[in-house]
């Protein structure tokens, strides 16, 4: 069974600590969870993230995280989904998980008639050569935390202060660019339904 938590808006550091603790304390019987939320404005740097990819942080804090990938931005209007799965119990690898998350996001965007694709060597989901969703995970003791970030209806300008995911001049997009009256709560509900179906044991 999959447990989905809708957490509203929470600070990045607090949720990161809760994810680490959840993963540290879980056992073979712990049910998998997905946490859906938004963050106040923050740049997060991946474990191997390079400082030169932060071009101009301005007044936005930069947090050194322990997920994979380079630097990205989280802010209001972006749906974040933290994926707390036991990969060993499910007998899947991290590449398979990333592929399934990408396909889930592509299916979700198709619900809004937005054709999305993946790029070889650049995890995440893209629309018309612009990135609309990022994926960054950490595996510890066979279990994952961190997850996906889908741009729904947000201020995209802070992405101009970084090389998103380590790619210079990578442009970002969001659902609002295609569906002006999009409601993030609707997107979150659809994501939760698809996630539960995709990962039900």
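In the working numbering, the protein residues as written are 1068 to 1268. Yeah, the Cβ is synthetic: ideal placement off N, Cα and C, and Gly gets one too.
Would you tell me roughly how many angstroms separate the C-alpha atoms of residue 1205 and residue 1133, rounded to the nearest one?
The straight-line gap from Cα to Cα measures roughly 7 angstroms.
Enumerate, from N- to C-terminal direction, the unbroken alpha helix (DSSP H) stretches of 4 or more residues contained entirely within the region 1125-1210.
Whole alpha helix (DSSP H) segments, 4+ residues: 1154-1157 and 1161-1178.
Starting from the C-beta of residue 1225, find all residues in its chain whose C-beta is less than 7 angstroms away, skip the five residues before and the five after it, and write them out in chain order.
Within the same chain, Cβ atoms closer than 7 angstroms to the Cβ of residue 1225 are found at 1108, 1127, 1140 and 1142, the five residues on either side in sequence being excluded.
Between the C-alpha atoms of residue 1156 and residue 1095, what's the straight-line distance to the nearest angstrom?
Using only the alpha carbons, I get a separation of about 8 angstroms.
Just checking my contact of residue 1173 with residue 1189 at CB under 8 angstroms: how many whole Å lie between their CB atoms?
At roughly 15 angstroms, the Cβ-Cβ gap does not stay under 8 angstroms, so residue 1173 and residue 1189 are not in contact.
Going by beta carbon distance, what residues of the same chain come within less than 7 angstroms of residue 1241, once the five residues before and after it are set aside?
Apart from the 5 residues on each side of it in sequence, residue 1241 sits with its Cβ closer than 7 angstroms to the Cβ of 1199, 1218, 1219, 1220, 1221 and 1223 in its chain, given in chain order.
When you compare each of 1072, 1214, 1256 and 1135 to residue 1175 by their alpha carbons, which one comes out closest?
Nearest of 1072, 1214, 1256 and 1135 to residue 1175, Cα basis: 1256.
Checking contacts by CB at 8 angstroms: is residue 1088 closer than that to chain D?
Here chain D cannot be found, since the structure has a single protein chain.
8 angstroms contact criterion, which residue 1261 and residue 1151 should meet: CB distance rounded
Residue 1261 to residue 1151, Cβ: 17 angstroms. No contact.
Cβ shell of residue 1098 (< 6 angstroms), same chain only, five flanking positions each side left out
Closer than 6 angstroms at the Cβ level, and outside the excluded window around residue 1098, lie 1068 and 1070.
What does DSSP give as the partner residue(s) for residue 1105 in the beta ladder?
Beta bridge pairing from DSSP links residue 1105 with 1076.
For residue 1068, which three-state DSSP category applies?
Residue 1068: coil per DSSP, three-state reduction.
Quick check on DSSP: helix, strand or coil for residue 1100?
Residue state, collapsed to three classes: strand.
With a threshold of 16 other CB atoms inside 10 Å of the CB of residue 1161, please say whether the residue is buried or exposed.
That one is exposed.
Could you check what DSSP says for residue 1240 in three-state terms: helix, strand or coil?
In the structure shown, residue 1240 adopts coil according to DSSP, grouped into three states.
Measure the C-alpha to C-alpha separation of residue 1120 and residue 1093 and round it to an integer number of angstroms.
Straight-line spacing of the CA atoms in residue 1120 and residue 1093 works out to 34 angstroms.
Would you give the residue range spanned by the alpha helix (DSSP H) that residue 1249 belongs to?
First-last for residue 1249: undefined, no H or E at that position.
Who are the near neighbours of residue 1185 in its chain, counting only those whose CB is closer than 6 angstroms to its CB and skipping five residues on each side?
Closer than 6 angstroms at Cβ, skipping near neighbours: 1169.
Selected residue, minimal CA-CA separation from residue 1232, among 1167, 1248 and 1215:
Minimum Cα-Cα distance from residue 1232 among the listed residues 1167, 1248 and 1215 corresponds to 1215.
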